[in-house]
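Everything below concerns the one structure shown next.
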Amino acid sequence: MKNKIQAIMDMVIAKNQGEPEFHQAVREVVESLMPFIEKNPKYEKAKIIERMVEPERVIMFRVPWLDDQGEIRINRGYRIQMNSAIGPYKGGIRLHPSVNLSILKFLAFEQVLKNSLTTLPMGGAKGGSDFDPKGKSDNEVMRFCQSFMNELFRYIGPDTDVPAGDIGTGGREIGYMFGQYKKLRNEFTGVLTGKGLGWGGSLMRPEATGYGCVYFVEEMLKMKGESLKGKICAVSGSGNVAQYTVEKLLHLGAKVVTLSDSDGFIYDAGGIDHKELKCVLDLKNVRRGRIKECAKEFKCEYFEKKKPWQIKCDIAFPSATQNEISGEDAKILVKNGCIAVGEGANMPTTPEGISVFQKAKIMYAPGKAANAGGVATSGLEMSQNSMRLSWTREEVDRRLHDIMIAIHENCVKFGQEGKYIDYVKGANIAGFVKVADAMLAQGLV
Ligand code: NDP
Ligand code: 2IT
7 MKNKIQAIMD MVIAKNQGEP EFHQAVREVV ESLMPFIEKN PKYEKAKIIE RMVEPERVIM
67 FRVPWLDDQG EIRINRGYRI QMNSAIGPYK GGIRLHPSVN LSILKFLAFE QVLKNSLTTL
127 PMGGAKGGSD FDPKGKSDNE VMRFCQSFMN ELFRYIGPDT DVPAGDIGTG GREIGYMFGQ
187 YKKLRNEFTG VLTGKGLGWG GSLMRPEATG YGCVYFVEEM LKMKGESLKG KICAVSGSGN
247 VAQYTVEKLL HLGAKVVTLS DSDGFIYDAG GIDHKELKCV LDLKNVRRGR IKECAKEFKC
307 EYFEKKKPWQ IKCDIAFPSA TQNEISGEDA KILVKNGCIA VGEGANMPTT PEGISVFQKA
367 KIMYAPGKAA NAGGVATSGL EMSQNSMRLS WTREEVDRRL HDIMIAIHEN CVKFGQEGKY
427 IDYVKGANIA GFVKVADAML AQGLV
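Numbers given in this note's numbering equal positions in the sequence shown, counted from 1, plus 6.
Now the structure itself:
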């Protein structure tokens, strides 16, 4: 079995040189799938894994735009259309200076399995650009988004590929991209999700990833007769996912003691309350400032250039970016008594960190299961757009909650090992089977 894993990894590394994040994401999946594949030789014979690691299509393009000084700027745009076996390509757009092929391929690969887990008919994709929205004026962001869409519009559509938000892409960016798509195509369709409520967006989409992650962790705790009430939670990030993770944790009686951004983290021993959360939302979504400004307002501690994992907590919610929990961070979390991890971000834990959590047998929910509520609610937005109606907040929340319960059940089904549940294995196998069976049925395409 080790030889088979190595052979696939050798091929992936040779074909995708200098793309460590993509190699990392593939290795984790292949390692947990191989025992299952050996028991089900039809997948091996049809080379399903070898086909799944090769994107169906990779699009790269020039994005020129004019800054406020009249200077020409050039960024690079991407869309990785990874797999369309079970539905139109679906996945977010990341705008961050670190964006490259490796990061987008890892995200697109994860998205295929995640979207399969949601129970909804969505294939997997990811896109983005090395454009940095930080410090740009609204007009600059608009000109970038318009130029980005001037090329991307050829490759997307409501039945082809439906992009959405991710790091650096929120309601403002989706608005500008949607406006430009509509102008170019002369069509008002559900081509993007995360739209504004007055023009085709779904209630609860902003909340969905964070709420869904908390619902998933609640299910894990229930299996052990535990609840979130009174639990001390460390959250990283302070963007969309982190904000609504905190909101749902507060609803359920947990105590949130940290939030962060790429400059450092705040530690509020007394717990962040609703009033403080409102302040974070205004700071990050309107004023677009730094988290350290909250430390002054909340009179709490701020740790420059540090991550929150040194703070004692019961549950960790990494909700910023990939590889933000190292092996050392994981050891400190476990030593401090952390009993569960719910990944709001995509691949936030390094392989060394995952192995620490698994050896300690704590409840560890990988991103592709725990943060699937975001894209699931995007799927619900697509359904509402197709039907030309909108569901109430309660209706969408009920569906989101049911989906997270179903994902949890499916992970348990494939990941139970005696008393311990290996959620990594559960999520990878459950996500894989549906896509693999569809690929088998559709022949060699
Ligand atoms: P936002 O842009 O709203 O927020 C990102 C947050 O993470 C910010 O606080 C940002 O800090 C921090 N961050 C970003 N990059 C880094 C970095 N390299 N090092 C340290 N901190 C960083 O993004 P989202 O909240 O939407 O996304 C967060 C994570 O959740 C990502 O991994 C994303 O892929 C994942 N996700 C998002 C979903 C969604 O629906 N939005 C759905 C599922 C997963 P700063 O402002 O300083 O950059
Ligand atoms: O990583 C993710 O699942 C997202 N950024 C959300 C994708 C979507 O299509 O809603």
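Ideal placement from N, C-alpha and C gives every residue a C-beta, glycine not left out.
Following the DSSP letters along the chain, one finds GLU307 inside the beta strand (DSSP E) bounded by residues 307-310. DSSP places THR383 in the uninterrupted alpha helix (DSSP H) bounded by 378-393. If you check the CB distance, ASN121 and VAL381 come in under 8 Å.
Ranked by how close their Cα comes to the Cα of SER104, the residues GLY97, LEU119 and PRO139 have PRO139 in first place. The beta carbon of VAL402 is closer than 7 Å to those of SER208, LEU209, MET210, THR383 and LEU386 in its chain, skipping five residues each way along the sequence. Comparing alpha-carbon positions, the option among PRO357, GLY204, ARG82 and ILE368 lying closest to GLN328 turns out to be PRO357. At least one heavy atom of ligand 2 falls within 7 Å of the beta-carbon of ASN352. In this structure, the CA atom of GLY171 is about 30 Å from the CA atom of GLU37.
Under the three-state reduction of DSSP output, ARG399 falls in the helix class.
If you check the CB distance, THR175 and GLY245 do not come in under 8 Å. In the displayed model, MET66 falls within a strand according to three-state DSSP. The residue among LEU123, MET445, GLY343 and PRO70 with its C-alpha nearest the C-alpha of GLY379 is LEU123.
It is roughly 29 Å from the alpha-carbon of ILE317 to the alpha-carbon of VAL292. The Cβ neighbour count for ARG68, taken over all protein chains shown within 10 Å, is under 16; the residue is labelled exposed. One Cα belongs to HIS29, the other to LEU113, and the distance between them is close to 11 Å. The criterion of a C-beta distance shorter than 8 Å is satisfied by GLY196 and MET388.
Between PRO164 and ALA240 a beta carbon distance of about 39 Å is seen, past the 8 Å cut, so the two are scored as non-contacting. Rounded to whole angstroms, GLY24 and GLY181 show a C-alpha spacing of 34 Å. Within 10 angstroms of the beta-carbon of TYR426 lie fewer than 16 other beta-carbons, which makes it exposed. Judged by DSSP in its simplified three-state form, GLY437 adopts helix.
By DSSP's assignment, GLY97 forms a beta bridge with PRO169. For ARG57, there is no enclosing beta strand (DSSP E); the residue is found in the alpha helix (DSSP H) stretching over 54-58. No heavy atom of ligand 2 is found nearer than 7 Å to the CB of GLY216. At least one heavy atom of ligand 2 lies closer than 7 Å to the C-beta of GLY380.
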